[in-house]
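Structure first, commentary second.
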Amino acid sequence: MAIFSSLPLFIRNRRVVPGLVFFVIFCSSLAMWLAANILSDIDLSRALFWVRISFISISISLYGFLMFANRFPKPRHCSHAENLRYGTILVAVVLLILSDLFIPRVILEEGVTTVVPGPLYGLFIAYVAYTLILSIVRLSSIRELSSTHRRQALIILFGIIFAAIITLLTNLILPLIFGTNSLYWVASYAMLIFVATVAYAIVKHQLFDIRGALARSFAYFGSVIHLGLVLGILVVFIIDRLDLSEEKIQYLIISATVAVAILYPFFKNFFDRVTEKIFYRKTYSVQKAINDITGVLATSRTLDSMASLLIARLEHFVGSEKIVLIILSQPSSEEILFSRPKKWLNLQDIQVALKAVVKHKIFTVDSFGGVDENTLQSFIDQDIGLVSQLNSPNGVIGYLILGHKLNGTAYTKQDVTFISTISDECAIAVQSLGRLEEILTLNSSLETKINTATEELRTSNKKLKAIDKSKDEFISLTSHQLRTPLTTIKGYLSMMLDGDAGNIAPQQRKLLEEAFNSSQRMVHLISDFLNISRIQTGRFELELANVNLAEVLDEEIQLLRISASPRRIMLDYQKPEQFPVLTLDEGKLRQVMMNFIDNAIHYSPSGSIIKINLLASDSEIEFTVKDQGIGVPKSEQHKLFVKFARASNARQQRPDGTGIGLFMAKKVIVALAGSIIFESVEGKGSTFGFRIPIQGKK
Numbered sequence: 056m057a058i059f060s061s062l063p064l065f066i067r068n069r070r071v072v073p074g075l076v077f078f079v080i081f082c083s084s085l086a087m088w089l090a091a092n093i094l095s096d097i098d099l100s101r102a103l104f105w106v107r108i109s110f111i112s113i114s115i116s117l118y119g120f121l122m123f124a125n126r127f128p129k130p131r132h133c134s135h136a137e138n139l140r141y142g143t144i145l146v147a148v149v150l151l152i153l154s155d156l157f158i159p160r161v162i163l164e165e166g167v168t169t170v171v172p173g174p175l176y177g178l179f180i181a182y183v184a185y186t187l188i189l190s191i192v193r194l195s196s197i198r199e200l201s202s203t204h205r206r207q208a209l210i211i212l213f214g215i216i217f218a219a220i221i222t223l224l225t226n227l228i229l230p231l232i233f234g235t236n237s238l239y240w241v242a243s244y245a246m247l248i249f250v251a252t253v254a255y256a257i258v259k260h261q262l263f264d265i266r267g268a269l270a271r272s273f274a275y276f277g278s279v280i281h282l283g284l285v286l287g288i289l290v291v292f293i294i295d296r297l298d299l300s301e302e303k304i305q306y307l308i309i310s311a312t313v314a315v316a317i318l319y320p321f322f323k324n325f326f327d328r329v330t331e332k333i334f335y336r337k338t339y340s341v342q343k344a345i346n347d348i349t350g351v352l353a354t355s356r357t358l359d360s361m362a363s364l365l366i367a368r369l370e371h372f373v374g375s376e377k378i379v380l381i382i383l384s385q386p387s388s389e390e391i392l393f394s395r396p397k398k399w400l401n402l403q404d405i406q407v408a409l410k411a412v413v414k415h416k417i418f419t420v421d422s423f424g425g426v427d428e429n430t431l432q433s434f435i436d437q438d439i440g441l442v443s444q445l446n447s448p449n450g451v452i453g454y455l456i457l458g459h460k461l462n463g464t465a466y467t468k469q470d471v472t473f474i475s476t477i478s479d480e481c482a483i484a485v486q487s488l489g490r491l492e493e494i495l496t497l498n499s500s501l502e503t504k505i506n507t508a509t510e511e512l513r514t515s516n517k518k519l520k521a522i523d524k525s526k527d528e529f530i531s532l533t534s535h536q537l538r539t540p541l542t543t544i545k546g547y548l549s550m551m552l553d554g555d556a557g558n559i560a561p562q563q564r565k566l567l568e569e570a571f572n573s574s575q576r577m578v579h580l581i582s583d584f585l586n587i588s589r590i591q592t593g594r595f596e597l598e599l600a601n602v603n604l605a606e607v608l609d610e611e612i613q614l615l616r617i618s619a620s621p622r623r624i625m626l627d628y629q630k631p632e633q634f635p636v637l638t639l640d641e642g643k644l645r646q647v648m649m650n651f652i653d654n655a656i657h658y659s660p661s662g663s664i665i666k667i668n669l670l671a672s673d674s675e676i677e678f679t680v681k682d683q684g685i686g687v688p689k690s691e692q693h694k695l696f697v698k699f700a701r702a703s704n705a706r707q708q709r710p711d712g713t714g715i716g717l718f719m720a721k722k723v724i725v726a727l728a729g730s731i732i733f734e735s736v737e738g739k740g741s742t743f744g745f746r747i748p749i750q751g752k753k
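To get our numbering, take the position in the sequence shown, counting from 1, and add 55.
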């Protein structure tokens, strides 16, 4: 199996895949090792000879794998001295194996050949360990590889490590320890697993690029074997059941042969479809493909549409995994006018390589004669399989660049002829479209710019909405997390100020009042942010309950007097003796009233009076806060209740403000079917408040 899998690789890809010769040596030596192991138990008279052949085979196999690891997926720099060292070590190991100091004799026990280690047997184990470890280290250096080569290297690593561990245990270590070679056959199965991993890498990850050969083999053999089995069983069944004469049997066999000729195409088509699904194998009619693509080129009106349709049709017919169309701005220039798609190639890196193959109208990596090694490596590094020039009478106007085929095969003469013809047609179409697009561009340039700008604005708007949504979600989460501890801190500070924890000194009271005021501002600020978040996310709801607004206001004023006292500001409020119980949202109205009063405290001069009124009539309630503060400039009053909006003099007076208190107040009052009261004269003061109709009087 090792020889079967390695020879097609060597015959087809020995020039393309670096180190492939050494991989073939590795596989062939493994096959010889397995054969020698078997012969050592069969040819008992020459058992020692076959044992030594098996050890020589495994030595050569390890050497081949090390050389392969040095060159996969691309050759590493190995000095002449380094290569000479590896070869010298191999020769020394072979000479060691042939001497009696390695294995002087073998013992035959129950049909199994057991080696008797000589004094230098350990040197062979050291050689095996050295080459295996060095090979694995070389294959493990995969960070700089492409993703495809990295997966290939990992699969090979898994297979060789597994096989090496099993083989070392059963063929070297256990015989050395226990003196028996009875488990040598286990290594054969380990090698089968290694071959299976290589087969998986070939089919799944395009290792060595032989999937096409495998696909054809499966299709042909599957067709012949299944058709032969079906008709053979049918013929045997008829002969057995009908007891036919010899003459009739001959007629039956002739009929079966005719049936094979008739039915073979149907079986072949079936297995072609099966292998196509497994190996991505496709065939196509060149003339049909040319007619199809010529029609596409003739009906295209822009380079974009032509490129998209051309690439799609080429992917369908040829089966390339990647295709890019490059158009130059001027014939034979280096400036690229057009490239589709833009995601595959690094065009700056590839331009030097394209200039190097300018003498070739069409160039395939599988037959790379006439180019230097650097150019070839540049194509290999970017997974390029074929380059075709688009020629005009004035020179090269572009390139059609194709990656490797999905089915793993090289580009055939049919593919090259087809792509060459299409390149000529494409060159004509590009020149025609160039003239057409010049005319169309003059007429539509302004529309294009407007559409582009509009699309950019839409994209920016979507991004802004997404950012705004993330911000609201963050504010909501943060507000929930901070609200509880701050409320607790505020409560404890209030208890200390009320004397619940004992008497406090005046200086201590002053510090506690500052801390209380700060925590109160934070609690209110967090409540505002939380409500804004709910508004933005559509979760803003009123929590209606029976409430006496006069009692609520009195509680808030008692707390706010603590922050007003250090500024020598008096809160003038007369609690109504009678006030109706209404169905309102207590929490949100408490926040609104507190915001109005707190703003008045911060924007009023020291020693001033803030008048607070709460009135109730038969139809509505009215709440107002009138201060003698800085007021609001008339030119800025229209935007005062907008989110995050603040008057210029307010920003100077209180830089730490947020501009969300008044916004939230208006949202709450409007939600309660009320209206905002606002009057202000700059430098003389402001009046803030609200009116709410009485709907649920108790």
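The beta-carbon is built from N, C-alpha and C at its ideal position, and this holds for glycine as well.
Counting along the chain, F743 sits inside no alpha helix (DSSP H); it lies in the beta strand (DSSP E) bounded by residues G740 to P748. Counting along the chain, the unbroken beta strand (DSSP E) around D627 starts and ends at M625 to Y628. The C-beta separation of F179 from F157 comes to about 7 Å, placing the pair in contact by the 8 Å criterion. In this chain, the beta strand (DSSP E) harbouring I439 covers I439 to S447. If you draw a 10 Å sphere on the C-beta of Y185, you find fewer than 16 other C-beta atoms in it, and that means exposed. With fewer than 16 other Cβ atoms from the protein chains shown falling within 10 Å of its own Cβ, S340 counts as exposed.
Annotation: F699 is outside any beta strand (DSSP E) and is labelled neither H nor E by DSSP. Counting every other CB atom within 10 Å of its CB across the protein chains shown gives F699 a total below 16, marking it as exposed.
Closest option to I345, judged by alpha-carbon separation, among L365, S360 and L175: L365.
Under the Cβ criterion (8 Å, minimum of three pairs), the region 615-632 does not count as touching the region 701-714. By DSSP's assignment, N668 forms a beta bridge with T679. Note on R706: under 16 other CB atoms within 10 angstroms of its CB, so exposed under the neighbour-count rule. Comparing alpha carbon positions, the residue from L615, N603, R645 and L626 closest to T638 is N603. Of all C-beta pairs linking the region 81-90 to the region 106-119, three or more are shorter than 8 Å, placing the two stretches in contact. Going by DSSP, T638 is part of the beta strand (DSSP E) stretching over L637 to L639. Following the DSSP letters along the chain, one finds Y466 in no beta strand (DSSP E), marked with neither H nor E.
Non-local C-beta neighbours of K681 in its own chain, meaning closer than 6 Å and more than five positions away in sequence, comprise K666 and T742, ordered along the chain.
By the criterion of a C-beta distance shorter than 6 Å, I664 is surrounded in its chain by M625 and D627, once the five residues flanking it on both sides are discounted. Taken through DSSP and simplified to helix, strand or coil, S661 comes out as coil.
Minimum Cα-Cα distance from S100 among the listed residues T143, F77, I144 and I162 corresponds to I162. Counting the other CB atoms within 10 Å of its CB gives H657 a total of 16 or more, which places it among the buried residues. Closest option to V170, judged by alpha-carbon separation, among Q432, P660, A102 and I113: A102.
Taking 8 Å as the cut-off, the Cβ atoms of F678 and G744 count as close. Residue environment for L548: buried (at least 16 other C-beta atoms within 10 angstroms of its C-beta). Contact between the region 464-477 and the region 371-382 is present: three or more C-beta pairs spanning the two stretches fall below 8 Å.
Counting C-beta atoms within 10 angstroms of its own C-beta, L121 has 16 or more neighbours from the protein chains shown and is therefore classed as buried. For G458, the secondary structure class from DSSP, reduced to helix, strand or coil, is strand.
T430 has its alpha-carbon roughly 29 Å from the corresponding atom of M361.
Under the three-state reduction of DSSP output, T225 falls in the helix class.
Here L352 is buried. Its C-beta has 16 or more other C-beta atoms within 10 Å.
The continuous stretches of alpha helix (DSSP H) do not include F418, which lies in the beta strand (DSSP E) extending over residues I417 to T419.
Within its own chain, no residue has a Cβ closer than 8 Å to the Cβ of Q613 once the five positions on either side in sequence are excluded. Ranking I381, G214 and T222 by CA distance to the CA of F249 puts G214 first.
Rounded to whole angstroms, the gap between the alpha carbons of I731 and L608 is 17 Å.
The three-state reading of DSSP puts L614 in helix, counting H, G and I together.
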